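Visitor:
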Amino acid sequence: MDDLPLSKRQAAIDGITPSRNELKKQMQDLQELGEALATLPPDRLDKLAIEERLRDAIDELRRTRSFEGKRRQVQYIGKLMKHENPEPLREAVASYRVGSATDTLTLHQAEYWRDQLLLTDDALAGWVKEHPATDVQQLRSLVRAARKEKLEPGARHGRAYRDLFKVVKEHMQSIPGADGEDAESDPSHDD
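Following this note's numbering, the numbering of the sequence shown begins with 340 at its first residue and continues without gaps.
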């Protein structure tokens, strides 16, 4: 009974046999999870407790270029995943996607602030109010230089524009709570 896939093992314990459509749906879910695992960076994939055959199959999927070859490889990964517990794998994929979405949101916010700083002087006061640790003199000089570069005919975004974005992004990423550090640094949590 140990060599049966998890779904069949559970069905044998419960005494319920799943329908053919349920089995197809389970297999499709496993295949989609396998495709999602293939999008994880190799270092994250190394941390997961999966069989060596499954890891090799995922690596092979990454190397495969033809559509039909990928389709068959995904089916094979689904077959191998029947013997794995899918929950830790789903959690790993979900945590990777959340982290990626958070990084994207931070970049969008940094772009927004950079554009606002270039548009109005009031934005600088708002930025300093939200981020008091900012070196105001450096920020003002970058804003001035970026505005000056913008006025030059035919000029692309120059160094000051990029440096302004870099400064804003660094401050956005250092905000407490952006990466879950606020509970540790908050003195009221020292119960």
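Positions of the beta carbon are idealized from the N, C-alpha and C atoms, including for glycine.
Predicted model only: the values in this text are computed from it and were never measured.
Run the CB neighbour count on ILE372, radius 10 Å, all protein chains shown included, and call it buried at 16 or more, exposed below.
Guide: Taking the sequence shown and counting its residues from 1, one reaches residue 372 at position 33. The displayed chain sequence assigns Leu, not Ile, to residue 372. When all chains shown are included, LEU372 counts as buried.
Visitor: Looking at C-alpha atoms only, which residue of ASN360, LYS418, LEU376 and GLN455 is the closest neighbour of ASP398?
Guide: Stepping through the sequence shown from its first residue, residue 398 is reached at position 59. Taking only the C-alpha atoms, the option nearest ASP398 is LEU376.
Visitor: For a test of the three-state rule: what should DSSP assign to ARG410, helix, strand or coil?
Guide: Along the sequence shown, one-based indexing puts residue 410 at 71. In the structure shown, ARG410 sits in a helix (DSSP, three-state: H, G or I).
Visitor: In whole angstroms, give me the CA-to-CA distance for ARG410 and ASP460.
Guide: If you number the sequence shown from 1, residue 410 lands on position 71. If you number the sequence shown from 1, residue 460 lands on position 121. Straight-line Cα distance between these residues: approximately 55 Å.
Visitor: Apply the 10 Å Cβ neighbour rule to ARG436 and answer buried if 16 or more other Cβ atoms are within range, or exposed otherwise.
Guide: The residue given as residue 436 occupies position 97 in the sequence shown. Exposed is the call here.
Visitor: For ARG401, I'd like the list of residues in its chain whose CB is within less than 8 Å of its CB, leaving aside the five on either flank, ordered along the chain.
Guide: For the purposes of this step, residue 401 is identified with residue 62 of the sequence shown, where counting begins at 1. ALA377, listed in sequence order.
Visitor: Starting from GLY497, trace the alpha helix (DSSP H) both ways and give me its first and last residue.
Guide: What you label residue 497 is simply residue 158 of the sequence shown in a count that begins at 1. Element bounds for GLY497: n/a, residue is neither H nor E.
Visitor: To the nearest angstrom, how far is the alpha carbon of LEU478 from that of GLU374?
Guide: Residue 478 sits at position 139 when you count from the first residue of the sequence shown. Residue 374 sits at position 35 when you count from the first residue of the sequence shown. Approximately 44 Å, taken between the alpha carbons.
Visitor: Roughly how many angstroms separate the alpha carbons of SER434 and HIS510, rounded to a whole number?
Guide: For the purposes of this step, residue 434 is taken as residue 95 along the sequence shown, with counting starting at 1. For the purposes of this step, residue 510 is taken as residue 171 along the sequence shown, with counting starting at 1. Approximately 24 Å, taken between the alpha carbons.
Visitor: Rounded to whole angstroms, what's the CA-CA distance from LEU387 to LEU428? Just pull it up for me.
Guide: Locating residue 387 in the sequence shown gives position 48, counting from the first residue. Locating residue 428 in the sequence shown gives position 89, counting from the first residue. Going by the C-alpha atoms only, they are around 7 Å apart.
Visitor: Could you tell me whether the Cβ of ALA377 comes closer than 7 Å to any Cβ of chain D?
Guide: Any reference to chain D falls outside this structure, which holds one protein chain only.
Visitor: Start and end of the alpha helix (DSSP H) containing SER480?
Guide: Stepping through the sequence shown from its first residue, residue 480 is reached at position 141. Residues 475-490.
Visitor: Within 8 Å, do at least three Cβ pairs link the region 443-460 to the region 498-506?
Guide: Segments in contact, yes.
Visitor: Buried or exposed: SER527, going by 16 or more other Cβ atoms within 10 Å of its Cβ?
Guide: One-based indexing of the sequence shown puts residue 527 at position 188. The predicted position of SER527 is uncertain, since its pLDDT is 39 and thus under 50; no value can be drawn from it.
Visitor: In three-state DSSP terms, what is PRO427?
Guide: For the purposes of this step, residue 427 is taken as residue 88 along the sequence shown, with counting starting at 1. PRO427: helix per DSSP, three-state reduction.
Visitor: Taking just the CA atoms, how far does LEU379 sit from ALA462?
Guide: Taking the first residue of the sequence shown as 1, we reach residue 462 at position 123. Taking the first residue of the sequence shown as 1, we reach residue 379 at position 40. Near 38 Å, if we compare the C-alpha coordinates of LEU379 and ALA462.
Visitor: Could you tell me the alpha carbon to alpha carbon distance between ASP368 and LEU444, rounded to whole angstroms?
Guide: Counted from its first residue, the sequence shown places residue 368 at position 29. Counted from its first residue, the sequence shown places residue 444 at position 105. Cα-Cα distance, rounded: 28 Å.
Visitor: Please identify the residue among LYS489, VAL432, GLU491 and GLN370 whose C-alpha is closest to the C-alpha of ASP382.
Guide: Position 43 of the sequence shown, counting from 1, holds the residue named residue 382. For ASP382, the nearest C-alpha among the options comes from VAL432.
Visitor: Output the distance between the C-alpha atoms of HIS496 and SER405, rounded to the nearest integer angstrom.
Guide: In the sequence shown, the residue the question calls residue 496 occupies position 157. In the sequence shown, the residue the question calls residue 405 occupies position 66. Straight-line Cα distance between these residues: approximately 40 Å.
Visitor: Can you give me the start and stop residues for the alpha helix (DSSP H) that PRO381 sits inside?
Guide: For the purposes of this step, residue 381 is identified with residue 42 of the sequence shown, where counting begins at 1. Segment 381-386, the alpha helix (DSSP H) holding PRO381.
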